[in-house]
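Using full-length UniProt numbering, the first residue of the sequence shown is number 1, and each one after it goes up by one.
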Amino acid sequence: MNYRGRHAEEVEAEQELPQGGSSTVSEDKSRTIRGFRWLIICISLYVTCFLYGLDTTIAADVQGSVTEALGHVEQLSWIGAGFPLGSVCVILLLGALYNTFNMKWVLISTVVLFEAGSALCGGAPTMSALIVGRVIAGAGGSGIYLGSLQYYAVMTVEKERGFYMSLIGVFWGLGAVLGPVIGGAFSVSTATWRWAFYINLVIGAISAPALLFYLPSIYPMQGVSIRDRLALIDFVGFVLGAGVWVSFLLAFTMAGGQWPWNDGRTITTFVVFGVALVLYVLQQYFTILTNPARRAFPGHLLRDRTQVLLYVVTAAGTTTLFVVIYYIPIYFQFVNNDKALMAAVRLLPFVVIAVTVNLVSGSLLHLIKVYKVIYIIAGVFLVVGGGPLMVYLDPSSPTGTIYGLTILVAVGSGLSMVTGYTVATLTTKPEDAGAGLSMQNVSQIGGQVIALAVAGQIYQSTAMRNLSAVLAGNGFSDQEVRGAVAGAQSTLFEKLDGELRNKAIAAVTDAMKMTFVLVPVAGGVMLIAALCMKREKLFGKAVTVGG
Numbered sequence: 001m002n003y004r005g006r007h008a009e010e011v012e013a014e015q016e017l018p019q020g021g022s023s024t025v026s027e028d029k030s031r032t033i034r035g036f037r038w039l040i041i042c043i044s045l046y047v048t049c050f051l052y053g054l055d056t057t058i059a060a061d062v063q064g065s066v067t068e069a070l071g072h073v074e075q076l077s078w079i080g081a082g083f084p085l086g087s088v089c090v091i092l093l094l095g096a097l098y099n100t101f102n103m104k105w106v107l108i109s110t111v112v113l114f115e116a117g118s119a120l121c122g123g124a125p126t127m128s129a130l131i132v133g134r135v136i137a138g139a140g141g142s143g144i145y146l147g148s149l150q151y152y153a154v155m156t157v158e159k160e161r162g163f164y165m166s167l168i169g170v171f172w173g174l175g176a177v178l179g180p181v182i183g184g185a186f187s188v189s190t191a192t193w194r195w196a197f198y199i200n201l202v203i204g205a206i207s208a209p210a211l212l213f214y215l216p217s218i219y220p221m222q223g224v225s226i227r228d229r230l231a232l233i234d235f236v237g238f239v240l241g242a243g244v245w246v247s248f249l250l251a252f253t254m255a256g257g258q259w260p261w262n263d264g265r266t267i268t269t270f271v272v273f274g275v276a277l278v279l280y281v282l283q284q285y286f287t288i289l290t291n292p293a294r295r296a297f298p299g300h301l302l303r304d305r306t307q308v309l310l311y312v313v314t315a316a317g318t319t320t321l322f323v324v325i326y327y328i329p330i331y332f333q334f335v336n337n338d339k340a341l342m343a344a345v346r347l348l349p350f351v352v353i354a355v356t357v358n359l360v361s362g363s364l365l366h367l368i369k370v371y372k373v374i375y376i377i378a379g380v381f382l383v384v385g386g387g388p389l390m391v392y393l394d395p396s397s398p399t400g401t402i403y404g405l406t407i408l409v410a411v412g413s414g415l416s417m418v419t420g421y422t423v424a425t426l427t428t429k430p431e432d433a434g435a436g437l438s439m440q441n442v443s444q445i446g447g448q449v450i451a452l453a454v455a456g457q458i459y460q461s462t463a464m465r466n467l468s469a470v471l472a473g474n475g476f477s478d479q480e481v482r483g484a485v486a487g488a489q490s491t492l493f494e495k496l497d498g499e500l501r502n503k504a505i506a507a508v509t510d511a512m513k514m515t516f517v518l519v520p521v522a523g524g525v526m527l528i529a530a531l532c533m534k535r536e537k538l539f540g541k542a543v544t545v546g547g
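Dropping the structure here:
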């Protein structure tokens with residue numbers, strides 16, 4: 001359906017979602033919201049997106065302080081994984097709610113949910129409470145991100161849409177790459193790690209009045225009762241989809257670490273994942289207790305070559321982004337003996353380039369118009385930077401070399417970070433624009449979940465095996481080794497000296513090399529997908545000249 005919205009204060013011109021590749025939106029059509037009100041709306045939306053990005057990675061550098069305060073190092077991985085898990089489990093449901101109810105109140109509700117989760121994290125008395133808070137905050141954060149995308153898709157005109165939507169990625173990306181730095185700063189300060197989460201409440205309280213009083217109300221469905229609207233939502237599909245993600249992450253996080261691979265719990269979890277996936281696919285394909293237009297996953301877009309390839313390249317780009325953000329600081333902690341804050345600061349070259357390129361990507365897309373070219377360039381940078389980076393993650397490699405290679409990866413990650421959102425809305429039918437955005441969100445957040453799960457499994461299992469072999473016979477327990485691998489108990493390395501310490505560091509960096517295989521592989525996948533895309537132009541009459 002097309003969104004048709006009216007501002008709460010007065011009846012204004014109806015706003016519709018952006019048109020598809022045929023570009024039926026007139027280039028000279030202007031926005032109905034301007035001036036001071038537009039500025040306030042933009043600031044408030046971008047600030048909330050920054051907070052969502054910040055919370056996506058802020059746990060990466062507070063884990064040591066958290067385990068010192070709350071214990072349970074065996075649950076450490078869930079601090080990082082719980083946030084994207086909450087996001088991906090509800091993102092399609094939130095997309096349906098944005099398509100059905102007043103967008104303003106759906107967005108405000110997700111802000112409240114995000115702040116509630118942050119409050120629980122900051123005040124968590126136990127590790128379990130912190131993990132629950134992370135899941136809740138992740139669920140709310142995904143609604144903030146999707147809501148911002150939906151609002152800009154409605155409120156902007158075609159010629160400016162790429163710029164405003166790319167800024168969402170800029171602020172989200174800025175938050176994501178600064179997360180470890182800010183988290184590290186809080187963890188070593190007198191404020192403690194708890195303020196890494198409490199800070200969301202302070203900034204959120206400042207932006208909340210702007211959302212409440214300046215954001216327009218947009219009604220996707222008018223004249224339809226709440227009961228009839230709820231009847232249109234595929235709750236069965238959403239529950240099954242959430243079950244797929246939960247069982248997947250549980251299986252890949254616990255297997256090989258807390259549970260042996262041949263343990264009954266591991267096998268049971270993988271079986272549950274398989275059953276949930278089959279049931280979900282069958283329910284969606286045969287539209288059981290729903291209909292094709294209202295099923296949870298926009299399956300009809302899987303017949304659209306462009307949307308499928310956009311899904312692939314967005315997931316690939318997300319993989320490269322989060323592997324670097326989570327594991328480069330760990331590399332410097334082991335190799336240079338950096339403290340958490342300094343290790344995170346070493347991400348700044350990657351941060352600056354990724355954010356800058358992401359900001360430029362919207363204008364570049366408008367200039368080149370052929371989105372296929374953007375992804376080809378991004379894929380090349382990821383392969384050229386990621387391949388050598390995997391090789392040079394060695395204790396003897398100069399820091400400048402690592403910086404230079406991460407900068408190459410940053411160019412590829414920045415180009416692909418949110419470009420898919422703009423392209424998705426401009427290459428679908430008007431009634432499918434919302435579904436296209438939801439599909440991109442699943443790709444981005446789901447890609448993060450999969451990337452962290454797979455990277456974590458590779459790193460944890462390989463590093464544990466390598467480090468245990470090196471330290472065998474030296475009196476260290478499995479718990480101490482696991483804590484050292486996670487970066488939570490650096491005291492183990494302080495007890496090592498000379499050749500044994502060098503061997504231990506080499507054991508960990510060898511595991512990191514295996515983890516960074518994901519970067520060039522993801523770059524290669526992006527490059528192949530880009531070469532399979534149509535050669536079509538945006539921002540005007542769609543002209544297909546090949547593919």
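Glycine included, C-beta positions come from ideal geometry on N, C-alpha and C.
Worksheet item: Are Ile-40 and Ala-210 close, meaning C-beta to C-beta below 8 Å?
Response: yes
Inset, instruction - Can you give me the start and stop residues for the alpha helix (DSSP H) that Val-383 sits inside? - result: 371 to 392
Report task. Let me know the secondary structure DSSP gives Lys-104 once reduced to three states. Result -> helix
If I'm right that Leu-365 touches Gly-162 with Cβ under 8 Å, what's the distance once you round it to whole angstroms? 5 Å
**Report entry** Segment limits, alpha helix (DSSP H) that includes Phe-248
**Finding:** 235 to 254
Separation of Gly-141 from Asn-291, as counted between CA atoms
28 Å
Looking at the secondary structure, which residues open and close the alpha helix (DSSP H) in which Lys-503 lies? 498 to 515
**Prompt:** In or out: Lys-104 buried (at least 16 other Cβ within 10 Å) or exposed?
**Reply:** buried
Q: Give me whichever residues DSSP pairs with Trp-193 in a beta bridge.
A: Its beta-bridge partners do not exist; DSSP assigns none.
(request) Identify every residue that forms a DSSP beta bridge with Trp-259. (result) Ala-255
Q.
On the criterion of 16 or more Cβ atoms from any shown chain inside 10 Å, does Lys-372 qualify as buried, or is it exposed?
A. buried
Next item on the list: Pick out the complete alpha helix (DSSP H) segments inside the region 131 to 217, 4 residues or longer, and give them in chain order.
Entry: 158 to 187 and 195 to 214
**Asked** Candidates Phe-197, Tyr-46, Val-275 and Gly-299: which alpha carbon is nearest Val-442's?
**Response** Gly-299
**OP:** Consult DSSP for Pro-395 and reduce its assignment to one of helix, strand or coil.
**Re:** coil
Residues in its own chain within less than 6 Å of His-72 by CB, not counting five upstream and five downstream? Met-127
Can the beta-carbon of Ala-124 be found closer than 8 Å to that of Leu-130?
-> yes
- Query: Given Ala-119, which residues of its chain have a CB within under 7 Å of its CB, disregarding the five upstream and five downstream residues?
  - Reply: Leu-201
Where does Asn-474 sit, in a helix, a strand or coil, going by DSSP? coil
Practice prompt. Quick one: give me the first and last residue of the alpha helix (DSSP H) that Asn-358 is part of.
Written response: 348 to 368
* Touching or not, the region 108 to 117 and the region 312 to 319, by the rule of three or more beta carbon pairs under 8 Å? -> no
**Straight-line gap, Gly-21 to Asp-228 (C-alpha atoms, nearest Å)** = Any reading at Gly-21 must be qualified, since the residue scores a pLDDT of 33, below 50, and its modelled position is unreliable; the value itself is stated next. Rounded to whole angstroms, Gly-21 to Asp-228 spans 32 Å at the Cα level.
Simplified DSSP assignment, three categories, for Thr-265
A small fix is needed here, since residue 265 is Arg in this sequence, not Thr. Looking at Arg-265 - three-state DSSP - the assignment turns out to be helix.
| query | Can you name, in chain order, every residue of its own chain whose Cβ lies under 7 Å from the Cβ of Asp-61, other than the five neighbours on each side? | reply | Pro-180, Gly-183, Gly-184, Ser-187, Pro-329, Ala-340 and Ala-344
- prompt: Taking buried to mean at least 16 other C-beta atoms within 10 Å of its own C-beta, is Gln-479 buried or exposed?
  reply: exposed
- prompt: Helix, strand or coil: how does DSSP classify Ile-58 here?
  reply: helix
> Which whole-angstrom value describes the C-beta separation of Gly-524 and Met-417, a residue pair presumed to lie in contact below a C-beta threshold of 8 Å?
Replying inline: Not quite, the Cβ-Cβ distance comes to about 18 Å (not below 8 Å), so this is no contact.
Are the beta-carbon atoms of Phe-83 and Val-323 separated by less than 8 Å?
no
Worksheet entry | Of the listed residues Val-157, Tyr-52, Ser-396 and Val-384, nearest to Val-411 (C-alpha basis) | Val-384
Alpha helix (DSSP H) segments (min. 4 residues) lying fully within the region 265 to 339
305 to 335
Could you check which residue in Ala-354, Ile-203, Phe-248 and Ile-377 has the C-alpha nearest to that of Leu-85?
-> Phe-248
*Given a cut-off of 8 Å, decide if Ser-413 and Gly-256 are closer than it, judged by their beta-carbon atoms.*
no
- Item | Exposure of Ala-205, with buried meaning 16 or more beta-carbon neighbours within 10 Å | exposed
- Query: If you compare alpha carbons, which of Val-360, Phe-235, Arg-346 and Lys-429 is closest to Asp-304?
  - Reply: Lys-429
**OP:** Count the other CB atoms, across all protein chains shown, that sit within 10 Å of the CB of Gln-307; report buried if there are 16 or more and exposed otherwise.
**Re:** buried
Per DSSP, what kind of secondary structure is Leu-39 in: helix, strand or coil? helix
Cβ contact (3+ pairs, closer than 8 Å) linking the region 392 to 400 and the region 439 to 457
no
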